[in-house]
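Only one structure is covered here, and it is reproduced in the block below.
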Amino acid sequence: MKIAIVCYPTFGGSGVVATELGIALSKRGHEIHFVTYKQPVRLEYLSNKIKYHEVIVPEYPLFHYQPYELALSSKLVTVVKEHDIDLLHVHYAIPHAYAGFMAQQMLKTEGIDLPMMTTLHGTDITLVGSHSFYKPAVNFSINESNVVTSVSQSLKEDTKAIFDIHKEIHVVPNFIDFQNLPKNIGECQRDLMAEDDERIITHVSNLRPVKRIDDLIKVFHKVQQKIKSRLIIIGDGPERENASKLAHELGIREKIMFLGKSNEIEKILCYSDLFLLPSEKESFGLAALEAMAYGVPVISTDVGGVPEVNINGESGYLSALGDINDMANNAIKILENTDTLDKFKLRARDIALNFDMQNIVPQYEKLYETMLNGNS
Numbered sequence: 001m002k003i004a005i006v007c008y009p010t011f012g013g014s015g016v017v018a019t020e021l022g023i024a025l026s027k028r029g030h031e032i033h034f035v036t037y038k039q040p041v042r043l044e045y046l047s048n049k050i051k052y053h054e055v056i057v058p059e060y061p062l063f064h065y066q067p068y069e070l071a072l073s074s075k076l077v078t079v080v081k082e083h084d085i086d087l088l089h090v091h092y093a094i095p096h097a098y099a100g101f102m103a104q105q106m107l108k109t110e111g112i113d114l115p116m117m118t119t120l121h122g123t124d125i126t127l128v129g130s131h132s133f134y135k136p137a138v139n140f141s142i143n144e145s146n147v148v149t150s151v152s153q154s155l156k157e158d159t160k161a162i163f164d165i166h167k168e169i170h171v172v173p174n175f176i177d178f179q180n181l182p183k184n185i186g187e188c189q190r191d192l193m194a195e196d197d198e199r200i201i202t203h204v205s206n207l208r209p210v211k212r213i214d215d216l217i218k219v220f221h222k223v224q225q226k227i228k229s230r231l232i233i234i235g236d237g238p239e240r241e242n243a244s245k246l247a248h249e250l251g252i253r254e255k256i257m258f259l260g261k262s263n264e265i266e267k268i269l270c271y272s273d274l275f276l277l278p279s280e281k282e283s284f285g286l287a288a289l290e291a292m293a294y295g296v297p298v299i300s301t302d303v304g305g306v307p308e309v310n311i312n313g314e315s316g317y318l319s320a321l322g323d324i325n326d327m328a329n330n331a332i333k334i335l336e337n338t339d340t341l342d343k344f345k346l347r348a349r350d351i352a353l354n355f356d357m358q359n360i361v362p363q364y365e366k367l368y369e370t371m372l373n374g375n376s
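My numbering puts the first residue of the sequence shown at 1, with every later residue one more than the last.
Right, here's the structure in full:
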């Protein structure tokens with residue numbers, strides 16, 4: 001199949017998943033065309049099976065906001081016609097599904113029927129999409145898609161609750177490419193990050209308010225009082241300064257490393273003993289899954305799709321939103337005994353294997369076939 005993929009080309013979860021999906025599909029013999037405003041960050045190479053088409057938005061003084069949707073839909077029409085694309089897979093309802101629908105309508109005037117799959121990732125539904133300004137357009141775009149998928153059962157239920165959806169929503173979870181993981185997980189040089197008798201706790205996010213970074217610092221504050229430990233925070237965002245200030249106030253700033261945006265997340269997870277995720281919203285919890293794939297137990301809130309990934313009492317523990325004491329106690333319970341920690345590490349990786357790319361990508365392929373056969 002020749003598949004055009006539209007996504008955000010950033011470090012965010014949806015862009016990473018879309019890019020990894022495209023790469024995996026290319027390895028399975030499909031021809032993949034990424035259409036976006038910048039080459040996706042995880043797209044490290046192009047080949048005869050992977051193409052990238054840049055969406056250029058001309059600057060016109062007439063427009064206060066440049067019309068990206070218009071440029072994207074026009075570019076899609078061009079790519080589809082020039083490369084004989086079989087189907088379109090857009091990630092995020094807006095603006096991508098909306099632009100995809102407009103491209104479909106333009107192509108129909110030339111006798112080209114282009115089926116479109118829309119994958120819902122989270123904030124396109126629960127945050128941006130639910131806003132009254134955008135809700136009609138999101139509702140329309142989802143219902144006009146040929147096939148709709150969501151990354152978790154929780155997100156599917158949220159979508160049904162927020163919008164008037166008459167399309168079936170297929171749950172296809174996010175995934176991990178286990179073939180690309182290092183074979184010697186657990187044999188990392190921990191001394192690069194911490195002393196031999198220290199536990200390493202990690203958090204990865206864009207440090208937005210929804211990630212509740214203050215809770216992260218407060219949980220760690222309680223944990224380090226019982227367990228000699230160090231916190232490594234990967235990512236950057238608006239809450240970084242406040243988090244650093246809180247850490248100073250609590251007297252633990254020297255025990256926390258802010259690494260900013262990093263391309264070495266995998267190496268750091270390899271060092272880690274525990275992953276903290278105190279978010280108030282997570283449509284799936286890809287960061288938790290990535291940690292589990294490296295054998296890192298997860299302490300998280302029980303929000304959104306996270307309980308579908310982090311199994312309470314097995315790969316880690318779930319706590320109610322804002323329950324700092326419970327999260328800290330659960331973290332201590334795992335970290336204070338090496339045998340217990342080792343059991344949680346093994347179980348975390350075993351559960352993560354359920355989300356192996358080899359199990360998930362064929363689910364998309366099956367839905368593609370359904371679309372091409374005229375079903376939805």
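C-beta atoms are modelled at their ideal positions from N, C-alpha and C, and glycine is treated no differently.
Looking at the unbroken beta strand (DSSP E) that takes in residue i, where does it start and where does it end?
{"i": "R230", "result": "S229 to I234"}
{"i": "L246", "result": "Unbroken run through L246 is the alpha helix (DSSP H), R240 to E249; no beta strand (DSSP E)."}
{"i": "E54", "result": "I50 to E54"}
{"i": "E31", "result": "E31 to T36"}
{"i": "G260", "result": "I256 to G260"}
What are the start and end residues of the alpha helix (DSSP H) that includes residue i?
{"i": "S315", "result": "Premise fails: S315 is in no alpha helix (DSSP H) and is neither H nor E."}
{"i": "M116", "result": "Segment M116 to L120 is the beta strand (DSSP E) holding M116; no alpha helix (DSSP H) there."}
{"i": "E20", "result": "G13 to K27"}
{"i": "I268", "result": "I265 to Y271"}
{"i": "D326", "result": "I324 to L335"}
{"i": "F140", "result": "K135 to E144"}
{"i": "Q104", "result": "Y98 to K108"}
{"i": "V77", "result": "Y68 to H83"}
{"i": "M292", "result": "L286 to A293"}
How close, in whole Å, do the beta carbons of residue i and residue j come, if the pair is a contact with beta carbons under 8 Å?
{"i": "G313", "j": "P297", "result": "Not confirmed; about 11 Å, so no contact."}
{"i": "V303", "j": "E282", "result": "6 Å"}
{"i": "S205", "j": "H121", "result": "With a Cβ gap of about 15 Å, S205 and H121 do not count as contacting."}
{"i": "L321", "j": "S300", "result": "L321 to S300, Cβ: 10 Å. No contact."}
Identify every residue that forms a DSSP beta bridge with residue i.
{"i": "R199", "result": "S229"}
{"i": "S300", "result": "L277 and L318"}
{"i": "V90", "result": "V6 and T118"}
{"i": "G237", "result": "Paired residue(s): none; G237 is not in a bridge."}
{"i": "T149", "result": "T119 and H170"}
{"i": "D356", "result": "I176"}
{"i": "V204", "result": "I234"}
{"i": "S47", "result": "I50"}
Under 6 Å Cβ to Cβ from residue i, same chain only, skipping five residues before and after it: list those, please.
{"i": "F284", "result": "V151, S152, N174 and G305"}
{"i": "L259", "result": "I234"}
{"i": "K226", "result": "I332"}
{"i": "M357", "result": "A24, F175 and D177"}
{"i": "V309", "result": "G285, A288 and L289"}
{"i": "L73", "result": "Looking at the sequence provided, one finds Ser at residue 73 rather than Leu. Answer for S73: A99, M102 and A103, listed in chain order."}
{"i": "R349", "result": "G295"}
Just to confirm my understanding: we take residue i, look at its own chain, exclude 5 residues before and 5 after, and list those with CB closer than 8 Å. What are they?
{"i": "K51", "result": "E31, I32, H33, F34 and H83"}
{"i": "S26", "result": "I32, S47, K49 and I50"}
{"i": "D214", "result": "E239, N242, A243 and L246"}
{"i": "L367", "result": "M117, V147, T149, H170 and V172"}
So, at 7 Å on beta carbons, what are the nonlocal neighbours of residue i in its own chain, with the 5 sequence-adjacent residues on each side left out?
{"i": "L70", "result": "none"}
{"i": "L341", "result": "D273, I334 and L335"}
{"i": "Q363", "result": "V172"}
{"i": "I311", "result": "I351"}
{"i": "M371", "result": "L87, P115, M117, N146 and V147"}
{"i": "Q224", "result": "I252 and K255"}
Cβ of residue i versus every heavy atom of the ligand HEM: is any distance shorter than 6 Å?
{"i": "P40", "result": "Absence of the ligand HEM is noted for the structure shown, with no ligands found whatsoever."}
With a cut-off of 7 Å, does the C-beta of residue i fall near any C-beta of chain B?
{"i": "L289", "result": "Here there is only one protein chain, and chain B is not present."}
| said: Count Cβ pairs between the region 16 to 31 and the region 99 to 117 that sit closer than 8 Å; are there 3 or more? | reply: no
| said: With three or more C-beta pairs closer than 8 Å as the rule, is the region 211 to 230 touching the region 243 to 263? | reply: yes
| Just checking, does the region 140 to 151 make contact with the region 105 to 122 on the three C-beta pairs under 8 Å criterion? | yes
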